[in-house]
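*Asks:* Please read through the structure below; I'll follow up with questions.
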Amino acid sequence: GNSVTQMEGPVTLSEEAFLTINCTYTATGYPSLFWYVQYPGEGLQLLLKATKADDKGSNKGFEATYRKETTSFHLEKGSVQVSDSAVYFCALSPAAGNKLTFGGGTRVLVKP
Amino acid sequence: DTAVSQTPKYLVTQMGNDKSIKCEQNLGHDTMYWYKQDSKKFLKIMFSYNNKELIINETVPNRFSPKSPDKAHLNLHINSLELGDSAVYFCASSLGTSGGEGTQYFGPGTRLLVL
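In the order they appear, the protein sequences are chains G and R.
Quick note on numbering: the first sequence equals residues 13 to 124 in the working numbering.
Quick note on numbering: the second sequence equals residues 35 to 149 in the working numbering.
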């Protein structure tokens, strides 16, 4: 079956540091890949997505590139802010059907 | 505001009770979902409806019954609540069921606590 593995947190950073959250997946065919963010006490917000190999999704300074050869979709941001403190979820949607499979989430804490 | 909304936001109830959670989307989407997030933040799909028809039904106790009166609404009824049902329940919707149209947008969640 499909699966998503992402690095366990928490990840603690200082403001303006570089952030990387690793995400790898197992799926048949060409799934669509997503990053969602959950701020404290809130729901899930779509952060970015990529629907085919080599696509780069970007939003709010975050980027992730769909790498078919390494089955990865790592999330990066060059300079984090305190307001980026949240839990980040990597997810995939299969080529056929629409059942999102989520990774376990990575908590990020940015300190001033 | 265009969005996915859920009511109630918080629900505290006793074991054995029956409760419902409501979800509405005004995005014009055809597909709606229910997800459960446990205490460790793990998210798992429960159900999905496309144009009022059930298309995903994961291994969920039959105490949980979804109902979709129309494309814009998907409600979740839970009978005989148990302690293990305590979780955050998220509703989501998407335009379609594959590719870019399958991108899912989530509601704010309903935090259920069973005592």
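Heads up, the beta-carbon is just placed ideally off N, CA and C, and yes, glycines get one too.
Looking at chain G, which residues of the segment 69–98 of chain R have a Cβ within less than 9 Å of any of its Cβ atoms?
*Replies:* Cβ contacts with chain G: Y69, Q71, K74, K75, F76, L77, K78, I79, S82, N84, I89, I90 and E92.
*Asks:* On a CA-only basis, which of G:V23, G:S70 and G:E27 is nearest L45 of chain G? Give me that one, please.
*Replies:* Residue 45 of chain G sits at position 33 when you count from the first residue of the first sequence. Cα-wise, what sits closest to L45 of chain G is G:S70.
*Asks:* Give the straight-line distance between the Cα atoms of L129 of chain R and N60 of chain R, rounded to the nearest whole angstrom.
*Replies:* Position 95 of the second sequence holds residue 129 of chain R. Position 26 of the second sequence holds residue 60 of chain R. Those two C-alpha atoms are separated by around 11 Å.
*Asks:* Could you tell me the alpha carbon to alpha carbon distance between T82 of chain G and L31 of chain G, rounded to whole angstroms?
*Replies:* Residue numbering aside, residue 82 of chain G sits at position 70 when the first sequence is read from its first letter. Residue numbering aside, residue 31 of chain G sits at position 19 when the first sequence is read from its first letter. Cα to Cα, the separation comes out at about 20 Å.
*Asks:* Quick check: what's the CA-CA separation for Q48 of chain R versus S91 of chain G?
*Replies:* Mapped onto the second sequence, residue 48 of chain R falls at position 14. Mapped onto the first sequence, residue 91 of chain G falls at position 79. For Q48 of chain R and S91 of chain G, the distance between alpha carbons rounds to 46 Å.
*Asks:* Between V120 of chain G and E27 of chain G, is the Cβ-Cβ spacing less than 8 Å?
*Replies:* The residue given as residue 120 of chain G occupies position 108 in the first sequence. The residue given as residue 27 of chain G occupies position 15 in the first sequence. No, they are not a contact pair.
*Asks:* If contact is defined by three or more beta carbon pairs under 8 Å, each pair taking one atom from either stretch, is the segment 109–119 of chain G in contact with the segment 16–23 of chain G?
*Replies:* Flag = yes, the segment 16–23 of chain G and the segment 109–119 of chain G touch.
*Asks:* Return the Cβ separation of L115 of chain R and V94 of chain R in integer angstroms, given the expectation that the two are a contact with Cβ distance under 8 Å.
*Replies:* Here residue 115 of chain R corresponds to residue number 81 of the second sequence, with the count starting at 1. Here residue 94 of chain R corresponds to residue number 60 of the second sequence, with the count starting at 1. L115 of chain R to V94 of chain R, Cβ: 14 Å. No contact.
*Asks:* Indicate whether N113 of chain R and R97 of chain R have their beta-carbon atoms separated by less than 8 Å.
*Replies:* Within the second sequence, numbered from 1, the residue matching residue 113 of chain R stands at position 79. Within the second sequence, numbered from 1, the residue matching residue 97 of chain R stands at position 63. Against a cut-off of 8 Å, the Cβ pair of R97 of chain R and N113 of chain R comes out as a contact.
*Asks:* Just by C-beta distance, which residues in the segment 74–88 of chain G are closer than 8 Å to chain R?
*Replies:* So the list is empty, because no residue satisfies the distance condition.
*Asks:* Would you say E54 of chain G faces chain R, with C-beta separation under 8 Å as the test?
*Replies:* Your numbering for residue 54 of chain G matches position 42 in the first sequence. So yes, E54 of chain G belongs to the interface.
*Asks:* Would you mind listing the beta strand (DSSP E) stretches within the segment 84–108 of chain G that are 3+ residues and don't spill past its ends, in chain order?
*Replies:* Taking only runs of at least 3 residues, the beta strand (DSSP E) segments lying wholly in the segment 84–108 of chain G are 87–89 and 98–105.
*Asks:* Determine, for Q30 of chain R, whether the minimum Cβ-Cβ distance to residues of chain G falls below 8 Å.
*Replies:* Because chain R spans 35 through 149 in this model, residue 30 of chain R falls outside it and cannot be assessed.
*Asks:* So is V99 of chain G in contact with chain R if we call contact Cβ pairs under 8 Å?
*Replies:* Taking the first sequence and counting its residues from 1, the one referred to as residue 99 of chain G is at position 87. True, the Cβ-Cβ gap to chain R drops below 8 Å.
*Asks:* Does the beta carbon of S120 of chain R sit closer than 8 Å to a beta carbon anywhere in chain G?
*Replies:* Residue numbering aside, residue 120 of chain R sits at position 86 when the second sequence is read from its first letter. Output row for S120 of chain R: interface = no.
*Asks:* Below 8 Å on C-beta distance, what does T131 of chain R contact in chain G?
*Replies:* The residue given as residue 131 of chain R occupies position 97 in the second sequence. Ordered by position in chain G, the residues that pass the 8 Å Cβ test against T131 of chain R are G109 and N110.
*Asks:* So, is the C-beta of T41 of chain R closer than 8 Å to a C-beta in chain G?
*Replies:* Walking along the second sequence from the start, residue 41 of chain R turns up at place 7. No, no contact with chain G.
*Asks:* Kindly indicate the opening and closing residues of the beta strand (DSSP E) around G69 of chain G.
*Replies:* Counted from its first residue, the first sequence places residue 69 of chain G at position 57. From DSSP, the beta strand (DSSP E) with G69 of chain G extends over K68 to N71.
*Asks:* Would a check of beta-carbon distances place S15 of chain G closer than 8 Å to chain R?
*Replies:* Taking the first sequence and counting its residues from 1, one reaches residue 15 of chain G at position 3. No, S15 of chain G does not count as interfacial toward chain R.
*Asks:* Out of curiosity, what's the CA-to-CA distance linking V122 of chain R and C57 of chain R?
*Replies:* Counting from 1 along the second sequence, the entry for residue 122 of chain R is found at position 88. Counting from 1 along the second sequence, the entry for residue 57 of chain R is found at position 23. The alpha-carbon atoms of V122 of chain R and C57 of chain R are separated by roughly 14 Å.
*Asks:* Rounded to a whole number of angstroms, what is the C-alpha to C-alpha distance between K68 of chain G and K75 of chain R?
*Replies:* For the purposes of this step, residue 68 of chain G is taken as the residue at position 56 of the first sequence. For the purposes of this step, residue 75 of chain R is taken as the residue at position 41 of the second sequence. Answer to the nearest angstrom: the Cα atoms are 27 Å apart.
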